[in-house]
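Participant: Before I ask anything, let me first share the structure, which is written out below as structure tokens.
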Amino acid sequence: MPKSPSPYDQNLDRNPANFEPLTPLQFLERAAWTFPNKTSVIHGDLKRTWAETRSRCHKLADALAKRGLGKGDTVAVLAANTPEMMELHFGVPLTGAVINTINTRLDAAIIGFILDHGEASAVFVDREFSGVMAEALKIATVQPFVIDIDDPEYNGSGDRIGEMEFEAFLALGDESFPYRAPEDEWDSIALNYTSGTTGDPKGVVYSHRGAYLNSMCNALTWSMPQHPVYLWTLPMFHCNGWCFPWALALQAGVNVCLRQVRASAIFDAIAKHKVDHMCGAPIVLNLIANAKPQEKKSFDHVVKVMTAAAPPPPSTLEAMEREGFDVLHVYGLTETYGPSVVCAWHDEWDQLAPADKAAVKARQGVRYSVLDDLSVRDPETMSPVPDDGETIAEVMMRGNIVMKGYLKNPKSTEAAFKNGWFHSGDLGVMHDDGYIALKDRSKDIIISGGENISSVEVEQTLYRHPSVAEAAVVARPDERWGETPCAFLELKDGVDEPTEEEIIQFCRDNMASFKTPKRVVFGPLPKTSTGKVQKFVLRERAKEL
Numbered sequence: 000m001p002k003s004p005s006p007y008d009q010n011l012d013r014n015p016a017n018f019e020p021l022t023p024l025q026f027l028e029r030a031a032w033t034f035p036n037k038t039s040v041i042h043g044d045l046k047r048t049w050a051e052t053r054s055r056c057h058k059l060a061d062a063l064a065k066r067g068l069g070k071g072d073t074v075a076v077l078a079a080n081t082p083e084m085m086e087l088h089f090g091v092p093l094t095g096a097v098i099n100t101i102n103t104r105l106d107a108a109i110i111g112f113i114l115d116h117g118e119a120s121a122v123f124v125d126r127e128f129s130g131v132m133a134e135a136l137k138i139a140t141v142q143p144f145v146i147d148i149d150d151p152e153y154n155g156s157g158d159r160i161g162e163m164e165f166e167a168f169l170a171l172g173d174e175s176f177p178y179r180a181p182e183d184e185w186d187s188i189a190l191n192y193t194s195g196t197t198g199d200p201k202g203v204v205y206s207h208r209g210a211y212l213n214s215m216c217n218a219l220t221w222s223m224p225q226h227p228v229y230l231w232t233l234p235m236f237h238c239n240g241w242c243f244p245w246a247l248a249l250q251a252g253v254n255v256c257l258r259q260v261r262a263s264a265i266f267d268a269i270a271k272h273k274v275d276h277m278c279g280a281p282i283v284l285n286l287i288a289n290a291k292p293q294e295k296k297s298f299d300h301v302v303k304v305m306t307a308a309a310p311p312p313p314s315t316l317e318a319m320e321r322e323g324f325d326v327l328h329v330y331g332l333t334e335t336y337g338p339s340v341v342c343a344w345h346d347e348w349d350q351l352a353p354a355d356k357a358a359v360k361a362r363q364g365v366r367y368s369v370l371d372d373l374s375v376r377d378p379e380t381m382s383p384v385p386d387d388g389e390t391i392a393e394v395m396m397r398g399n400i401v402m403k404g405y406l407k408n409p410k411s412t413e414a415a416f417k418n419g420w421f422h423s424g425d426l427g428v429m430h431d432d433g434y435i436a437l438k439d440r441s442k443d444i445i446i447s448g449g450e451n452i453s454s455v456e457v458e459q460t461l462y463r464h465p466s467v468a469e470a471a472v473v474a475r476p477d478e479r480w481g482e483t484p485c486a487f488l489e490l491k492d493g494v495d496e497p498t499e500e501e502i503i504q505f506c507r508d509n510m511a512s513f514k515t516p517k518r519v520v521f522g523p524l525p526k527t528s529t530g531k532v533q534k535f536v537l538r539e540r541a542k543e544l
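Under numbering that gives the first Met the number 0, think of the first position of the sequence shown as 0, with each following residue one higher.
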């Protein structure tokens with residue numbers, strides 16, 4: 000006899016009164032409605048409220064819509080941490096378009112590829128980066144309209160290359176542009192390009208749903224109160240500032256913008272504006288820990304710092320605590336909206352000796368509360384490793400803060416999601432308390448100053464030098480940057496041997512400067528019986544340099 004329909008399946012449908020697509024754009028609307036006069040942005044002498052910020056974002060959306068932009072279009076941005084960059088995170092998706100924030104350290108060739116691959120319809124460019132963007136636009140085949148960002152806090156060189164400046168473009172819009180949630184929370188909100196582990200970079204696509212959940216979880220994970228004062232020491236281009244432009248709107252916080260990350264500027268902002276939260280790679284922690292006495296300013300409150308990328312050295316963590324900073328270590332990837340794993344703190348760890356406490360804090364940790372699962376598994380058998388802290392396998396995740404996939408790259412998307420898990424490409428161990436720790440990167444990615452560098456890309460550049468027969472690049476530990484590239488070269492027979500300086504200059508001339516090897520070693524490369532370079536041997540040599 001067939002079972003009668005459940006009463007829970009009858010007359011309880013979704014409707015506009017009980018279901019709305021999740022989107023972080025809601026946070027802007029609420030902040031402006033609830034706290035219209037609270038400060039939203041500080042930049043030099045500039046201060047704006049949340050009501051003013053909402054008005055500007057809606058004007059921006061209207062101006063973009065009047066140029067025909069809407070769902071499915073891409074708006075590329077090459078800019079520093081400025082109010083305009085923050086506003087673009089709301090104004091662009093309000094139209095239904097997708098924001099593509101580009102790494103300001105990339106070279107023109109890669110930027111040109113990104114513009115073409117993302118099919119950019121519009122480009123917003125900070126005057127500081129107008130030179131490289133102008134070259135990229137010559138390389139690209141797309142023909143986007145270009146708007147300049149002429150930040151009064153920037154005193155350096157750089158021409159305007161757009162048809163008008165940001166404020167003039169904003170004046171074309173109307174603040175009455177209506178708020179519209181996406182038709183579907185699975186609609187795309189952002190496009191972020193990886194550094195390209197092999198060949199061209201991949202375009203990681205974020206949804207409104209994922210951005211909403213990760214923004215909310217950032218605030219939850221950090222116990223971020225209402226009206227936090229947040230210092231932008233993390234680039235807003237990096238995973239959309241790890242989703243903090245949206246998280247700060249959620250809590251009606253203050254965006255303290257910072258163009259250049261220097262120790263003196265950080266201490267000045269903390270003392271002047273009572274900054275209580277900031278993010279950054281270990282290089283930012285090193286700046287603070289190693290600041291000179293004349294660069295420091297005294298303050299009487301705790302500053303919470305969220306750090307990611309390579310684990311910060313225990314000595315740096317100890318120094319940060321002495322200076323009044325409370326460091327939280329997180330881990331994630333571009334493919335997981337930034338942080339998705341956190342070294343969640345246990346009160347009993349406060350009793351540990353400083354060195355032991357720092358060692359615990361350097362682990363990557365456990366899953367974010369909105370990440371469904373985190374595991375260390377054999378990528379072939381998909382079996383989880385024992386929680387012995389020693390067995391190394393691949394770190395895998397699954398849940399609502401994993402990317403939609405790679406833009407126009409079904410093969411890579413399928414490989415990344417094989418067997419129902421996101422394969423991070425990072426190698427780690429599982430401890431008996433459920434905390435993971437990274438041990439290596441399966442694709443030899445080098446994390447320098449919080450940015451990923453592909454060893455393959457550096458090697459390909461080195462192979463272009465006329466004297467180089469074979470090249471291998473590995474990470475070398477660096478106190479300031481966390482890691483830097485170290486190149487090992489075998490030279491061709493009968494050629495004039497170049498100096499280390501000449502090789503480094505050759506790389507600078509042919510790729511983004513931050514990817515350039517900081518050390519070059521000449522000599523035979525260690526190989527297996529099948530001719531494969533033994534990079535683990537080279538890593539040990541690099542450590543000894």
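The C-beta atom is built at its ideal place from N, Cα and C for all residues, glycine as well.
1. Indicate whether valine 274 and valine 302 have their beta-carbon atoms separated by less than 8 Å.
2. First and last residue of the beta strand (DSSP E) that includes serine 374?
3. One question on the structure: do valine 566 and alanine 392 come within less than 8 Å of each other, judged by their Cβ atoms?
4. Label aspartate 125 either buried or exposed according to how many other C-beta atoms from any shown protein chain fall within 10 Å of its C-beta, with 16 as the threshold for buried.
5. Go ahead and pull the three-state DSSP assignment for phenylalanine 165.
6. I'd like the list of long-range same chain contacts for isoleucine 548, defined as Cβ closer than 8 Å, with 5 residues on each side in sequence excluded.
7. Kindly confirm or deny that the segment 98-114 and the segment 152-163 touch, where touching means at least three C-beta pairs closer than 8 Å.
8. Along the chain, where does the alpha helix (DSSP H) containing asparagine 80 start, and where does it finish?
9. Across which residues does DSSP place proline 523 in a beta bridge pair?
10. Check the C-beta distance from alanine 62 over to phenylalanine 144 and give it rounded, since I have them as a contact under 8 Å.
11. Quick one: is the Cβ of aspartate 12 within less than 7 Å of any heavy atom of the ligand SAM?
12. Exposed or buried, which one is leucine 544 when buried takes at least 16 other CB atoms within 10 Å?
13. Mapping DSSP to helix, strand and coil, what is serine 528?
14. Under the rule that 16 or more other beta-carbon atoms within 10 Å means buried, what is leucine 87, buried or exposed?
15. If you compare alpha carbons, which of Leu332, Ser339 and Gly157 is closest to leucine 219?
16. Any idea if aspartate 12 is buried or exposed, counting beta-carbon neighbours within 10 angstroms, 16 or more meaning buried?
17. To the nearest angstrom, how far is the alpha carbon of glycine 90 from that of valine 472?
18. Quick check: what's the CA-CA separation for leucine 488 versus glutamate 456?
19. Counting only beta-carbon atoms, is phenylalanine 34 nearer than 8 Å to chain C?
20. Quick check on this structure: which residue in Trp221, His226, Pro200 and Asp183 has the alpha carbon closest to the alpha carbon of serine 206?
21. DSSP on glutamate 413, reduced to helix/strand/coil?
22. Spatial neighbours of alanine 246 within its chain, please: CB distance less than 6 Å, with the 5 preceding and 5 following residues excluded, ordered by chain position.
23. Using the rule of at least 16 other Cβ atoms within 10 Å of the residue's Cβ for burial, across every protein chain shown, is lysine 2 buried or exposed?
24. Are the beta-carbon atoms belonging to phenylalanine 123 and isoleucine 146 less than 8 Å from one another?
25. Nearest to proline 177 by CA position, among Asn154, Pro378, Ser447 and Ala64, is which residue?
Facilitator: Taking the structure as given:
1. For the purposes of this step, residue 274 is taken as residue 275 along the sequence shown, with counting starting at 1. For the purposes of this step, residue 302 is taken as residue 303 along the sequence shown, with counting starting at 1. For the 8 Å CB-CB criterion, valine 274 and valine 302 form a contact.
2. In the sequence shown, the residue the question calls residue 374 occupies position 375. Taken as a continuous stretch (DSSP letters only), the beta strand (DSSP E) holding serine 374 covers 372-376.
3. Since the first and last residues shown for the chain are 0 and 544, residue 566 lies out of range.
4. Taking the first residue of the sequence shown as 1, we reach residue 125 at position 126. It counts as buried.
5. Residue numbering aside, residue 165 sits at position 166 when the sequence shown is read from its first letter. Three-state result, phenylalanine 165: helix.
6. Outside the modelled stretch of the chain, which goes from 0 to 544, sits residue 548, for which no answer is possible.
7. With a cut-off of 8 Å, the segment 152-163 and the segment 98-114 do not count as touching, because too few Cβ pairs lie within range.
8. On the sequence shown, residue 80 is found 81 positions in, with the first residue counted as 1. Unbroken run through asparagine 80: none, as it is neither H nor E.
9. For the purposes of this step, residue 523 is taken as residue 524 along the sequence shown, with counting starting at 1. The secondary-structure analysis by DSSP pairs proline 523 with nothing; it has no beta-bridge partner.
10. For the purposes of this step, residue 62 is identified with residue 63 of the sequence shown, where counting begins at 1. For the purposes of this step, residue 144 is identified with residue 145 of the sequence shown, where counting begins at 1. The C-beta distance from alanine 62 to phenylalanine 144 rounds to 11 Å, too long to fall under 8 Å, and the pair is not in contact.
11. What this structure holds is no ligand at all, so the ligand SAM is not there to describe.
12. Position 545 of the sequence shown, counting from 1, holds the residue named residue 544. Its Cβ having fewer than 16 others within 10 Å, leucine 544 is exposed.
13. Within the sequence shown, numbered from 1, the residue matching residue 528 stands at position 529. Only weak support is given to the placement of serine 528: the predicted model assigns it a pLDDT of 41, under 50, and the value that follows is read from those uncertain coordinates. Coil at serine 528, not helix or strand.
14. In the sequence shown, counting from the first residue as 1, residue 87 sits at position 88. Counting the other Cβ atoms within 10 Å of the Cβ of leucine 87 gives 16 or more, which makes it buried.
15. Position 220 of the sequence shown, counted from the first residue, corresponds to residue 219. Out of Leu332, Ser339 and Gly157, Ser339 has the C-alpha closest to the C-alpha of leucine 219.
16. Sequence index remark: in the sequence shown, residue 12 carries index 13 (1-based). The residue in question, aspartate 12, is exposed, as its Cβ has fewer than 16 Cβ neighbours within 10 Å.
17. Here the question's residue 90 lines up with position 91 in the sequence shown. Here the question's residue 472 lines up with position 473 in the sequence shown. Their Cα atoms are separated by approximately 41 Å.
18. Here the question's residue 488 lines up with position 489 in the sequence shown. Here the question's residue 456 lines up with position 457 in the sequence shown. In this structure, the CA atom of leucine 488 is about 15 Å from the CA atom of glutamate 456.
19. Checking the listed chains, one finds no chain C in this structure; it contains a single protein chain.
20. Taking the first residue of the sequence shown as position 1, residue 206 is located at position 207. Relative to serine 206, the option among Trp221, His226, Pro200 and Asp183 whose CA is nearest is Asp183.
21. Taking the sequence shown and counting its residues from 1, the one referred to as residue 413 is at position 414. Correct three-state label for glutamate 413: helix.
22. Stepping through the sequence shown from its first residue, residue 246 is reached at position 247. Once the five neighbours on either side are set aside, the close Cβ partners of alanine 246 are Ser214, Asn217 and Ala218.
23. The residue labelled residue 2 in the question sits at position 3 within the sequence shown. Lysine 2 should be labelled exposed.
24. Here residue 123 refers to the residue found at position 124 of the sequence shown. Here residue 146 refers to the residue found at position 147 of the sequence shown. In this structure, phenylalanine 123 places its C-beta atom within 8 Å of the C-beta atom of isoleucine 146.
25. Here residue 177 is taken as the residue at index 178 of the sequence shown, counted from 1. Minimum Cα distance to proline 177 is reached at Ala64.
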